[in-house]
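A.B. asks:
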Amino acid sequence: MRIGLLGAGRIGTFHATALAHTDGVDGLVIADADPARAAALAERLGAEAAVPATSVMSAAEAFAQVEAVVITAATAAHADLITEAARNRLPTFCEKPVALDLGRTVRALREVESAGTLLQMGFQRRFDAGFRAAREALRAGRLGRVHTIRAVTSDAAPPPAEFLPLSGGLIRDCLVHDFDAVRWLTGREVAEVYARGTDGGAACFREAGDVDTAAVLLTLDDDTLVTATATRYNGAGYDVRTELSGERDQWVVGLDDRTPMTSAEPGGPGAPVRPWSGFLERFDGAYRAELAAFVRAARGEVPNPCSGWEGLRALVVAEACELSRREGRPVRPAEVAERAGVPAL
Ligand SMILES: NC(=O)c1ccc[n+]([C@@H]2O[C@H](COP(=O)([O-])OP(=O)(O)OC[C@H]3O[C@@H](n4cnc5c(N)ncnc54)[C@H](O)[C@@H]3O)[C@@H](O)[C@H]2O)c1
Numbered sequence: 099m100r101i102g103l104l105g106a107g108r109i110g111t112f113h114a115t116a117l118a119h120t121d122g123v124d125g126l127v128i129a130d131a132d133p134a135r136a137a138a139l140a141e142r143l144g145a146e147a148a149v150p151a152t153s154v155m156s157a158a159e160a161f162a163q164v165e166a167v168v169i170t171a172a173t174a175a176h177a178d179l180i181t182e183a184a185r186n187r188l189p190t191f192c193e194k195p196v197a198l199d200l201g202r203t204v205r206a207l208r209e210v211e212s213a214g215t216l217l218q219m220g221f222q223r224r225f226d227a228g229f230r231a232a233r234e235a236l237r238a239g240r241l242g243r244v245h246t247i248r249a250v251t252s253d254a255a256p257p258p259a260e261f262l263p264l265s266g267g268l269i270r271d272c273l274v275h276d277f278d279a280v281r282w283l284t285g286r287e288v289a290e291v292y293a294r295g296t297d298g299g300a301a302c303f304r305e306a307g308d309v310d311t312a313a314v315l316l317t318l319d320d321d322t323l324v325t326a327t328a329t330r331y332n333g334a335g336y337d338v339r340t341e342l343s344g345e346r347d348q349w350v351v352g353l354d355d356r357t358p359m360t361s362a363e364p365g366g367p368g369a370p371v372r373p374w375s376g377f378l379e380r381f382d383g384a385y386r387a388e389l390a391a392f393v394r395a396a397r398g399e400v401p402n403p404c405s406g407w408e409g410l411r412a413l414v415v416a417e418a419c420e421l422s423r424r425e426g427r428p429v430r431p432a433e434v435a436e437r438a439g440v441p442a443l
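In this text, residue positions in the sequence shown follow our numbering: the first is 99, and each later residue adds one.
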């Protein structure tokens with residue numbers, strides 16, 4: 099299958115390299131708003147890749163020459179590129195989110211629906227070995243009734259200041275992964291959220307109307323209580339952990355000899371020798387697995403593992419948290435969905 103990759107930045111470079119070694123991919127066309135960036139990546143992959151990856155072209159040219167599309171461009175471009183791909187009847191993988199506002203997200207998803215094409219969203223935790231094992235254990239009843247979930251997403255260091263206004267903020271950019279993971283792990287919906295954020299770090303967060311640290315309390319529709327925290331300042335390293343506590347057992351995703359933590363107990367584990375440095379390293383296997391699944395889904399061999407509507411549901415929770423943080427009150431995601439005219443899902 100010949101794939102067009104649109105967006106040759108941080109994640110695009112990773113995904114292009116992974117796709118070049120993915121079964122079923124026999125050509126890769128790379129486009130970027132900055133043609134020099136696309137050319138540099140294509141040249142690099144041309145030397146390294148198992149498939150030819152030397153073509154550089156505009157998105158429109160790429161659509162005419164490929165059988166599937168992988169969108170790794172900046173977020174603001176996603177909705178238009180998804181719409182174009184749907185109109186060209188191309189199965190599409192898109193990095194999260196579809197858009198930063200719900201109305202635009204719904205319009206793009208309607209285009210995909212009316213074209214009858216596939217749209218897979220990039221929530222890679224669904225392909226991470228630890229998250230998958232935890233889901234299986236939970237669904238098999240090994241934990242008993244799960245009453246509490248504690249999720250952590252901590253970046254080792256802030257992203258470049260210019261990324262912040264484009265990111266949608268810490269909650270939409272980072273915690274949205276926890277919201278998707280909690281829904282996917284438990285099979286439950288979020289009934290209510292309460293969110294707080296703080297800004298003790300660089301001024302660029304305040305200037306962008308963003309926070310550098312956030313904590314949210316989610317109540318699921320079966321009354322399971324979930325806390326999720328995120329920060330851009332975790333000097334110990336990159337930390338993604340999810341603890342699930344049930345009446346019979348307690349499982350944790352992301353606890354291993356690279357977890358950036360030091361036990362305060364005498365004789366407890368010290369700081370890891372090689373803490374996780376960032377998402378590309380921590381989720382290397384998960385990203386590769388989600389792209390392999392996309393190629394198989396695009397060929398009709400497996401069902402779509404994460405539809406655009408799933409991405410929308412996680413975004414609705416993020417929007418509710420943003421509103422809660424700004425207004426200092428509990429918010430039901432249903433309130434946000436109704437206000438934005440999101441159809442009942
Ligand atoms: N799933 C994850 O863990 C994860 C991690 C990082 C980023 N992301 C998502 O991936 C996307 C890209 O993030 P990034 O960190 O790689 O950003 P980046 O800024 O490094 O790269 C974005 C690239 O998109 C290009 N671009 C912009 N508009 C374009 C258009 N219309 N057509 C083609 N190319 C265009 C830019 O020139 C740039 O090269 C974002 O939506 C982000 O939310 C997801």
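From the three backbone atoms N, C-alpha and C, an ideal C-beta is built for every residue, glycine too.
Tell me the residue span of the beta strand (DSSP E) that contains Gly-239.
C.D. replies: Working through the sequence shown from its first residue, we reach residue 239 at position 141. Looking at the DSSP string, Gly-239 is not in any beta strand (DSSP E), and its letter there is neither H nor E.
A.B. asks: When burial is assigned at 16 or more other CB atoms within 10 Å of the CB, is Ser-252 buried or exposed?
C.D. replies: Within the sequence shown, residue 252 is the residue found at index 154, counting from 1. Buried: at least 16 other Cβ atoms inside 10 Å.
A.B. asks: Given the structure, does Arg-377 come close to ligand 1, in the sense that its CB is under 7 Å from one of the ligand's heavy atoms?
C.D. replies: Position 279 of the sequence shown, counted from the start, is the residue given in the question as residue 377. Strictly speaking, residue 377 in this sequence is Phe, with Arg absent from that position. At least one heavy atom of ligand 1 lies closer than 7 Å to the C-beta of Phe-377.
A.B. asks: Counting pairs of beta carbons, one from the region 280-298 and one from the region 375-382, are three or more of them closer than 8 Å?
C.D. replies: no
A.B. asks: Which same chain residues, not among the five before or five after Ala-116, have their C-beta less than 7 Å away from its C-beta?
C.D. replies: In the sequence shown, counting from the first residue as 1, residue 116 sits at position 18. The residues are Tyr-385, Arg-386 and Leu-389.
A.B. asks: Can you find a heavy atom of ligand 1 that lies under 7 Å from the Cβ of Glu-417?
C.D. replies: If you number the sequence shown from 1, residue 417 lands on position 319. The nearest non-hydrogen atom of ligand 1 is 7 Å or more from the C-beta of Glu-417.
A.B. asks: Need the endpoints of the beta strand (DSSP E) that Leu-126 sits in, please.
C.D. replies: In the sequence shown, counting from the first residue as 1, residue 126 sits at position 28. First-last of the beta strand (DSSP E) with Leu-126: 125-129.
A.B. asks: Considering only the beta carbon of each residue, do Gly-376 and Pro-358 sit closer than 8 Å?
C.D. replies: Against the sequence shown, residue 376 aligns to sequence position 278. Against the sequence shown, residue 358 aligns to sequence position 260. No. Outside cutoff.
A.B. asks: Is any heavy atom of ligand 1 found at a distance shorter than 7 Å from the C-beta of Thr-203?
C.D. replies: Residue numbering aside, residue 203 sits at position 105 when the sequence shown is read from its first letter. Not under cutoff, so the answer is no.
A.B. asks: State buried or exposed for Ala-184, treating a residue as buried only when at least 16 other CB atoms are found within 10 Å of its CB.
C.D. replies: What you label residue 184 is simply residue 86 of the sequence shown in a count that begins at 1. Ala-184 comes out buried.
A.B. asks: Which residue wins for smallest C-alpha separation from Ala-137, given the options Ala-114, Leu-264, Phe-261 and Gly-228?
C.D. replies: To locate residue 137, count along the sequence shown from 1; it is residue 39. When each option's Cα is compared against that of Ala-137, the closest is Ala-114.
A.B. asks: Is the number of C-beta pairs between the region 211-222 and the region 391-410 that are closer than 8 Å three or more?
C.D. replies: Yes, the region 211-222 touches the region 391-410.
A.B. asks: Going by DSSP, which residues form a beta bridge with Glu-193?
C.D. replies: As a working mapping, residue 193 is identified with position 95 in the sequence shown. For Glu-193, which the question treats as bridged, DSSP gives the partners Gly-220.
A.B. asks: List in chain order: all unbroken alpha helix (DSSP H) runs of 4+ residues lying wholly within the region 286-373.
C.D. replies: Counting whole runs of 4 or more residues, the region 286-373 contains the alpha helix (DSSP H) stretches 301-305.
A.B. asks: Given Ala-111, which residues of its chain have a CB within under 7 Å of its CB, disregarding the five upstream and five downstream residues?
C.D. replies: Along the sequence shown, read from residue 1 onward, the residue named residue 111 stands at position 13. The question names Ala, yet the displayed sequence has Thr at residue 111. Counting only Cβ-Cβ distances below 7 Å, and skipping sequence neighbours, we find Leu-139.
A.B. asks: Determine the extent of the alpha helix (DSSP H) in which His-113 is found, giving its start and end residues.
C.D. replies: In the sequence shown, the residue the question calls residue 113 occupies position 15. Segment 108-117, the alpha helix (DSSP H) holding His-113.
A.B. asks: For Ala-249, which beta-bridge partners are listed by DSSP?
C.D. replies: As a working note, residue 249 is residue 151 in the sequence shown. Ala-249 pairs with Ala-326 and Thr-340.
A.B. asks: Using a strict less-than 6 Å threshold between each residue's beta carbon and the heavy atoms of ligand 1, what residues do you get?
C.D. replies: Leu-104, Gly-105, Ala-106, Gly-107, Arg-108, Ile-109, Gly-110, Ala-129, Asp-130, Ala-131, Asp-132, Arg-135, Ala-157, Thr-170, Ala-171, Ala-172, Thr-173, Ala-175, Glu-193, Lys-194, Gly-220, Gln-222 and Phe-377
A.B. asks: Which of the three DSSP states, helix, strand or coil, is assigned to Leu-188?
C.D. replies: Within the sequence shown, residue 188 is the residue found at index 90, counting from 1. Reduced to three states, the DSSP call for Leu-188 is coil.
A.B. asks: Under 8 Å, do Thr-340 and Ala-254 count as touching if we go by C-beta distance?
C.D. replies: Mapped onto the sequence shown, residue 340 falls at position 242. Mapped onto the sequence shown, residue 254 falls at position 156. No; because the gap between Cβ atoms is not below 8 Å, this pair is not in contact.
A.B. asks: Anyone know if the C-beta pair for Val-415 and Phe-277 falls short of 8 Å?
C.D. replies: For this step, residue 415 is matched to residue 317 along the sequence shown. For this step, residue 277 is matched to residue 179 along the sequence shown. Yes, the pair counts as a contact, with Cβ atoms nearer than the cut-off.
A.B. asks: From Arg-248, Ile-101 and Gly-228, pick the residue whose C-alpha is nearest to that of Thr-88; which is it?
C.D. replies: Past the boundaries of the shown model lies residue 88; the chain is included only from 99 to 443, so the question cannot be answered.
A.B. asks: I'd like to know whether the C-beta atoms of Tyr-331 and Asp-297 end up nearer to each other than 8 Å.
C.D. replies: Walking along the sequence shown from the start, residue 331 turns up at place 233. Walking along the sequence shown from the start, residue 297 turns up at place 199. The answer is no: Cβ separation not under 8 Å.
A.B. asks: With C-beta atoms as the reference, is Leu-268 less than 8 Å away from Asp-308?
C.D. replies: Within the sequence shown, the letter at position 170 stands for residue 268. Within the sequence shown, the letter at position 210 stands for residue 308. Yes, these two residues count as a Cβ contact at 8 Å.
A.B. asks: How about Ile-169 and Thr-190: are their beta carbons less than 8 Å apart?
C.D. replies: Locating residue 169 in the sequence shown gives position 71, counting from the first residue. Locating residue 190 in the sequence shown gives position 92, counting from the first residue. Yes.
A.B. asks: Does Ala-166 come out as helix, strand or coil in the three-state DSSP assignment?
C.D. replies: The residue given as residue 166 occupies position 68 in the sequence shown. Strand, per DSSP.
A.B. asks: Would you mind stating whether Leu-126 and Ile-180 have Cβ atoms separated by less than 8 Å?
C.D. replies: Translated into the one-based positions of the sequence shown, residue 126 becomes position 28. Translated into the one-based positions of the sequence shown, residue 180 becomes position 82. Result no, Cβ atoms of Leu-126 and Ile-180 do not sit closer than 8 Å.
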